[in-house]
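Everything on this sheet refers to the single structure shown next.
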Amino acid sequence: PPSFAVCLSVCSPPQEKGLTCNKEVDAGIDEYNRLHSFESADERNANYKSLVNSYYDLATLFYEWGWGQSFHFAFRHPFESFDESIRRHEYYIASKLNLSGTGGGDDNNKPKVLDVGCGVGGPMRNICRFTGADVTGITLNQYQVDRGNHLSSSDPQLGTDKCRSVQGDFMKLPFGEDSFDAAYAIEATCHAPDRVGVYGQIYDALKPGAIFACYEWCMTDEYDPTNAEHRRMKKQIEEGDGLPDICHTGVCLEALREAGFEVLEERDMAEDDYGAGRGGKPWMLPLLPSWNPFTQRFQFNWLGYFLTNTSLKLLELIRLAPRGTCKTQAMLQTGGFGLAGGGKEKIFTPMYLMVGRVPMDKKKK
15 PPSFAVCLSV CSPPQEKGLT CNKEVDAGID EYNRLHSFES ADERNANYKS
65 LVNSYYDLAT LFYEWGWGQS FHFAFRHPFE SFDESIRRHE YYIASKLNLS
115 GTGGGDDNNK PKVLDVGCGV GGPMRNICRF TGADVTGITL NQYQVDRGNH
165 LSSSDPQLGT DKCRSVQGDF MKLPFGEDSF DAAYAIEATC HAPDRVGVYG
215 QIYDALKPGA IFACYEWCMT DEYDPTNAEH RRMKKQIEEG DGLPDICHTG
265 VCLEALREAG FEVLEERDMA EDDYGAGRGG KPWMLPLLPS WNPFTQRFQF
315 NWLGYFLTNT SLKLLELIRL APRGTCKTQA MLQTGGFGLA GGGKEKIFTP
365 MYLMVGRVPM DKKKK
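This note's numbering numbers the first residue of the sequence shown as 15 and each following residue consecutively.
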């Protein structure tokens, strides 16, 4: 989540016109909060399209200005910058796709890759450069499609002929069977109401022998559903990040198998050795409180939280920020608190790696 200055710069009336699920920020955040007011996840699962679209209408500009064009986490090795860690995390998942064994060198025969839940396309563009593959990204949110295609077309090395975003629901992928040579998802399929369903859609779109790799948001074995503090952090993550519910790692793994994939690899990468004792940084560091007022981490201490929200209320009052900006910032901060706590307690991971392969004797559904 971004700092107060970022919130002010992005939440202006011209940006409101780009909202796709509501005409204004205030209506969008109220509908979002209504869906999360139910104790059970059933209502959110039933209305996942409205939930996710509302969330990304509200959060995309905040994320891009405060985080960058790649909406995901990564731990940092010693001497590694934030941007370097983000790219390395993307290149690592691309390395699992076996793209050297598909397609060819000329533009007409390059491997075709699907980015499931592409956001504004930061990972898609980096992976396109890294692998030379032809990449199609799909996202539910039309604003993200428009923004992603603008960024791709503005890149002289790429353009939408090499990578492009399309609007669609990954629970009903708008592609024919056997359309892609590989697929990946980076912290995206956590928004799906049914893991078997979304993995099954990806399975159908892939050719026999193709690889699917993903980073999933999951609760770990350390999560205790009888622990009130654990439940509170889980709920904060769901509310602050547009999630119907958060599955356990074992549920996701079994869903991948049930969808038809052969599991090649799985592990929680948050448990990898990133050199913590030698200057490495955990994935949740940007969300941990700091008293340095020049970092976005300042908003996560009690004083920063108070100052940010009080200032935004004042800006709404004098109409320098649209109504609902303060509630949107509070929603994003809630997610930040849950992610930081869940990461520290190791009850949650945003990087459960799963790599699956479509059998060569792929069964048609």
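Each residue gets a CB set at the ideal place from its N, CA and C atoms; glycine is no exception.
Straight-line Cα distance separating residue 185 from residue 270: Within the model, the alpha-carbon separation for residue 270 versus residue 185 is close to 14 Å.
Inset, instruction - Please report how far the alpha carbon of residue 274 lies from the alpha carbon of residue 265, in whole angstroms. - result: Residue 274 and residue 265: Cα-Cα distance of roughly 15 Å.
State yes or no: is the C-beta of residue 179 within less than 9 Å of the C-beta of residue 219? It is not a contact, given that the beta carbons lie outside the stated cut-off.
Q. Roughly how far, in whole angstroms, is the beta-carbon of residue 365 from the beta-carbon of residue 189, given that I think they are within contact range, below 8 Å?
A. With 8 Å as the limit, residue 365 and residue 189 do not qualify as a contact, their Cβ atoms being about 27 Å apart.
- Is the CB-CB distance between residue 353 and residue 256 below 9 Å? no
**Message:** Less than 9 Å between the beta carbons of residue 268 and residue 260, yes or no?
**Reply:** no
| field | CA-to-CA distance, residue 76 to residue 323, given in whole angstroms | value | 15 Å
Output yes or no for whether 9 Å exceeds the beta carbon distance between residue 172 and residue 147.
-> no
Fill in: Backbone CA spacing between residue 123 and residue 149 [nearest angstrom]
For residue 123 and residue 149, the distance between alpha carbons rounds to 13 Å.
When you compare the CB positions of residue 203 and residue 282, do they come within less than 9 Å of one another, or not?
No.
Any contact between the region 125–144 and the region 198–214? By contact I mean 3 or more CB pairs, one from each, below 8 Å.
yes
Around the Cβ of residue 127, are there at least 16 other Cβ atoms within 10 angstroms (buried) or fewer (exposed)?
buried
task = Count the CB pairs spanning the region 297–308 and the region 345–360 that are closer than 8 Å, and state whether there are at least three.
result = yes
Mind the definition here: the region 288–299 touches the region 314–329 only if three or more C-beta pairs lie below 8 Å; say whether that holds. They do not touch, by the three-pair rule.
Integer Cβ distance of residue 195 from residue 125, believed to fall under 8 Å
4 Å
Quiz prompt | Where the alpha helix (DSSP H) containing residue 99 begins and where it ends | solution = Following the DSSP letters along the chain, one finds residue 99 inside the alpha helix (DSSP H) bounded by residues 96–109.
- Excluding five sequence neighbours on each side, which residues of the same chain lie with their C-beta closer than 7 Å to the C-beta of residue 344? Residues 323 of the same chain have their beta carbon placed closer than 7 Å to that of residue 344, with the five preceding and five following residues left out of the count.
Could you name the residues of the same chain whose beta carbon sits closer than 6 Å to that of residue 136, not counting the 5 residues immediately before and after it, in chain order? 83 and 84
- Message: Give me, in chain order, the residues of the same chain whose beta-carbon lies closer than 7 Å to that of residue 263; leave out the 5 immediate sequence neighbours on both sides.
- Response: 232, 234, 282 and 366
Worksheet entry | Which of helix, strand or coil DSSP assigns to residue 283 | Correct three-state label for residue 283: helix.
**Request:** Rank 182, 165 and 181 by C-alpha distance to the C-alpha of residue 174 and give the top, closest one.
**Result:** Per the Cα distances, 165.
Looking only at its own chain, which residues have a Cβ that is under 8 Å from the Cβ of residue 143, when we skip the five neighbours before and after it? So the qualifying residues of the chain are 171 and 172.
query = Is it the case that the CB of residue 310 approaches a heavy atom of the ligand COA more closely than 8 Å?
reply = With respect to the ligand COA, the structure shown offers nothing to examine, as it has no ligands at all.
**Request:** Mind checking which residues open and close the alpha helix (DSSP H) that includes residue 157?
**Result:** 156–167
Using only alpha-carbon positions, find the residue among 318, 315, 370 and 293 that is nearest to residue 95.
Out of 318, 315, 370 and 293, 293 has the C-alpha closest to the C-alpha of residue 95.
(request) Would you grab the beta carbon distance between residue 224 and residue 372 for me? Rounded to a whole angstrom, and I think it's under 8 Å. (result) 5 Å
From the DSSP secondary-structure annotation, give me the bridge partner or partners of residue 200. 229
Margin query: Run through the DSSP bridge pairs and tell me what residue 149 is partnered with.
Written below: 127 and 177
**Cβ pair residue 110, residue 198 closer than 9 Å** = yes
| Which of helix, strand or coil does DSSP assign to residue 219? | helix
Where do the N-terminal and C-terminal ends of the alpha helix (DSSP H) with residue 294 fall, by residue?
Premise fails: residue 294 is in no alpha helix (DSSP H) and is neither H nor E.
Residue 258, buried or exposed, once every other Cβ within 10 Å from all chains shown has been counted against 16
buried
* Roughly how many whole angstroms lie between the Cα atoms of residue 138 and residue 177? -> 7 Å
Query raised in the report: In terms of residue numbering, what span does the alpha helix (DSSP H) encompassing residue 319 cover?
Result: 316–331
Pick from 222, 191, 187 and 221 that is closest to residue 211, judged by C-alpha positions:
187
Please list, in chain order, all residues of the same chain as residue 162 whose beta carbon is under 6 Å from its beta carbon, the five residues on each side excluded.
134, 135 and 179
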